[in-house]
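This report refers to the structure that appears directly beneath it.
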Amino acid sequence: AGFGSNVPLDIGYINLGGRYRYEGLIDELATYDKALSTVEILSFYNNGLTGDGYCVTDSVAPAIVSTPVTDASVGQPYTYNVDATGFPPPTYELTTFPAGMVIDSISGVIDWTPAAAGGAPVTVEAKNSEGTDSQSFVITVTELPLCMPGMVSYWKLDETSGSTYTDYYDGHDGQASVSAPSPSGDGIVRTSQDFNGTSDRITVADHPMFDWAYNSSFTVEVWAKFTNVASRNKVMIGRDDGGGGHPHWWLGAVQSTGVANFNLVDTNGIGAGISG
């Protein structure tokens, strides 16, 4: 499998019966044998605004463009990926940091596991031959709340920006890789997330903790406020192994009625549904 071929590469159209032709301007078209990072894309975009191409000839001093992560919990891994523009590509260094915190000098990824609650001052620098930029911030470290025994995950959904949704209990963070929901102040506890019903979704990576045995007990709890149940069942959380196959389960609202519903099908295709 792959995308190997012996046909030419088309620019301005694709050779499918002559029907798929582009209308408009094209400039500075390039391909790469890697996925560009967010920082690299931003750097090329800024170069274009000043009339420069992708292959930079002038050195540029670093500028840190990422927003620091300022919340952490005792005993839980903390990560912040520092991003900076500049040419030559900058290296990264911590100049003020708590015990145990480290940074990857090439990628800018900071890792740390807080040992105690409190404020942790941090200063990080990005350097190249043209200069240095620094960013200072304080991480607020709090004790984990006392939770009910047996909890597996707890997504507070308090995020006001970004595409990562923290699991405050056991690190099963979610990602909005397609379209992120919008933060809303209309939540039961602080912020909630408003899903648009068409493209918004959060995905949590597979983990054995989410694999229930046939005789397992489990609970899923959530506060929800439906906006529209006119079409299709409205799924708040669920898991499906292969386009509606099995195993398959979801918690949500029934189409049209808005009645709460839980639907479950095991690996043998045996299932049950509960509404009410």
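In the numbering used here, the protein residues as written are 366 to 641. Cβ atoms here follow ideal geometry from the backbone N, Cα and C, with glycine treated the same way.
Runs of beta strand (DSSP E) wholly within the region 580-639 (minimum 3 residues, chain order): Complete beta strand (DSSP E) runs here, min 3: 599-605, 613-618 and 625-630.
Segment contact flag, the region 450-458 with the region 490-507, C-beta cutoff 8 Å, min 3 pairs: Verdict: yes, contact present.
Paired residues, beta bridge with Q500 - DSSP: Answer is V489, bridged to Q500.
Start-to-end residues for the alpha helix (DSSP H) that takes in S547: For S547, there is no enclosing alpha helix (DSSP H); the enclosing beta strand (DSSP E) covers residues S547 to S549.
Validate contact between the region 426-441 and the region 464-480 using beta carbons, cut 8 Å, 3 pairs: Touching, per the Cβ criterion.
Residue closest to D523, alpha-carbon to alpha-carbon, out of G389, T556 and M516: Comparing Cα positions, the closest option is T556.
Touch test, the region 549-563 against the region 572-580, Cβ-Cβ under 8 Å, three pairs minimum: No, the region 549-563 does not touch the region 572-580.
Neighbourhood of V447 by C-beta, 6 Å cutoff - its chain only, sequence neighbours within 5 removed: Result list for V447: S431, Y457, G473 and V489, in chain order.
Whether V340 touches H613 by CB criterion (8 Å): Here the chain comprises residues numbered 366 to 641, so residue 340 is not present and cannot be evaluated.
Within 8 Å, strictly: CB atoms of T507 and A482: It is a contact, given that the beta carbons lie within the stated cut-off.
Y579, buried or exposed, once every other Cβ within 10 Å from all chains shown has been counted against 16: Counting Cβ neighbours within 10 Å, Y579 comes out exposed, since fewer than 16 surround it.
Top-ranked residue by Cα proximity to D606, from N598, W615 and K599: With distances taken between Cα atoms, D606 lies closest to W615.
Chain D within 8 Å of D469, Cβ atoms only: In the structure shown, chain D cannot be found, because there is only a single protein chain.
Length of the line joining the Cα atoms of G597 and V619: One point to set straight first is that residue 597 is Arg, not Gly, in the sequence displayed. When rounded, the distance between both Cα atoms is 8 Å.
Terminal residues of the alpha helix (DSSP H) in which G641 lies: Run containing G641: none; DSSP gives neither H nor E here.
Through-space distance from L509 to V624, alpha-carbon basis: CA-CA distance, V624 to L509, rounds to 34 Å.
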